[in-house]
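S.K.:
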Amino acid sequence: MSQPSWPGNPQGPVPAPPSSAGAPQRPGAVVAAAVLGSVVAVVVLGVAAYTLVVGLAGASGGGEIAVVLLAGIVGLVGVVHVLGVVRLLHRRVPNTATMALAAGVTVAVTGFGVFRSIRGRGDGPDLVTMLVWVGLAAVVIAMLVLITRPSVTRWVRAVHAR
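For what it's worth, this note's numbering labels the leading residue of the sequence shown as -9, then goes sequentially.
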């Protein structure tokens, strides 16, 4: 009768240590989504800073509170985009939920911005602003499409299973 095989038993086969080559490869869609998410985060945080600086320069009579609140909300959306990118690129526990949440909020805001640009301010539609809103919405929707690709979801599951 032979002895059971375990790593300390010289008669049994010694298993090879796990290699890093067994880790699933990160799909290109993940990298592309992270780049787009980073660009959106920088743009949104820039808009928050611009809103704060310009708003405080022209606000008076209690309008400062509204400007700070608006800039804070926009900045919070930018921070959620940053967290989405960080969580997507996490080595051990990647997750797409935070990026999807940030993208959903951004798409809703850009939709409102497009509507307001089309409606205009009494002198007709503001086409330049509308194009900026549509461009930002297109980037965010592309990011959403990338993180919902089957290769990305399989990669996330494989990393979690490992």
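Ideal Cβ placement from N, Cα and C applies to all residues, glycine included.
Predicted model only: the values in this text are computed from it and were never measured.
Give the C-beta separation of residue 78 and residue 137 to the nearest angstrom, bearing in mind that I take them to be a contact with Cβ-Cβ under 8 Å.
M.R.: Residue mapping note: residue 78 aligns to position 88 of the sequence shown, counting from 1. Residue mapping note: residue 137 aligns to position 147 of the sequence shown, counting from 1. Rounded, the Cβ-Cβ distance is 7 Å, consistent with contact.
S.K.: Quick check on the burial criterion: 16 or more other C-beta atoms within 10 angstroms. Buried or exposed for residue 84?
M.R.: To locate residue 84, count along the sequence shown from 1; it is residue 94. Under this definition residue 84 is a buried residue.
S.K.: Does DSSP classify residue 6 as helix, strand or coil?
M.R.: Here residue 6 corresponds to residue number 16 of the sequence shown, with the count starting at 1. Residue confidence for residue 6 is low, a pLDDT of 48 falling below 50, so the modelled location carries little weight and cannot support an answer.
S.K.: Use the C-beta contact count for residue 107: other C-beta atoms within 10 angstroms, 16 or more gives buried, fewer gives exposed.
M.R.: Counting from one through the sequence shown, the residue named residue 107 turns up at place 117. With 16 or more other Cβ atoms within 10 Å, it is buried.
S.K.: Along the chain, where does the alpha helix (DSSP H) that runs through residue 152 open and close?
M.R.: Here residue 152 refers to the residue found at position 162 when the sequence shown is read from its first residue. Unbroken run through residue 152: none, as it is neither H nor E.
S.K.: With 16 as the cutoff for other CB atoms within 10 Å, does residue 118 come out buried or exposed?
M.R.: Walking along the sequence shown from the start, residue 118 turns up at place 128. Exposed.
S.K.: If you draw a straight line from the alpha carbon of residue 7 to that of residue 20, how long is it in whole angstroms?
M.R.: Position 17 of the sequence shown, counted from the first residue, corresponds to residue 7. Position 30 of the sequence shown, counted from the first residue, corresponds to residue 20. In this predicted model, residue 7 has a pLDDT of only 46, less than 50, meaning its place in the structure is not dependable; the value taken from the coordinates is given anyway. Those two C-alpha atoms are separated by around 28 Å.
S.K.: Below 8 Å between beta carbons: does that hold for residue 64 and residue 41?
M.R.: For the purposes of this step, residue 64 is identified with residue 74 of the sequence shown, where counting begins at 1. For the purposes of this step, residue 41 is identified with residue 51 of the sequence shown, where counting begins at 1. In this structure, residue 41 lies closer than 8 Å to residue 64 by Cβ.
S.K.: When the Cα atoms are used, what is the spatial distance from residue 152 to residue 81?
M.R.: Numbered from 1 along the sequence shown, position 162 holds the residue referred to as residue 152. Numbered from 1 along the sequence shown, position 91 holds the residue referred to as residue 81. Each residue's Cα considered, the two are about 11 Å apart.
S.K.: Whole angstroms are fine: how far does the CA of residue 28 sit from the CA of residue 133?
M.R.: Translated into the one-based positions of the sequence shown, residue 133 becomes position 143. Translated into the one-based positions of the sequence shown, residue 28 becomes position 38. For residue 133 and residue 28, the distance between alpha carbons rounds to 10 Å.
S.K.: Judging by CA-CA distance, which residue of 54, 34 and 14 is the nearest neighbour of residue 129?
M.R.: Here residue 129 refers to the residue found at position 139 when the sequence shown is read from its first residue. Answer by Cα proximity: 34.
S.K.: Report back the beta-carbon spacing between residue 59 and residue 100 to the nearest angstrom; my notes put them in contact at under 8 Å.
M.R.: Residue numbering aside, residue 59 sits at position 69 when the sequence shown is read from its first letter. Residue numbering aside, residue 100 sits at position 110 when the sequence shown is read from its first letter. No, residue 59 and residue 100 are not in contact; Cβ-Cβ is about 20 Å, not under 8 Å.
S.K.: Please classify residue 143 as buried or exposed, where buried requires at least 16 neighbouring CB atoms within 10 angstroms.
M.R.: As a first step, residue 143 is located in the sequence shown; it is residue number 153 there, counting from the start. The residue in question, residue 143, is exposed, as its Cβ has fewer than 16 Cβ neighbours within 10 Å.
S.K.: Can you find the residues in the same chain that come closer than 6 Å, C-beta to C-beta, to residue 72, ignoring five residues on each side of it along the sequence?
M.R.: The sequence position of residue 72 within the sequence shown is 82, counting from 1. Only 31 meet the Cβ criterion.
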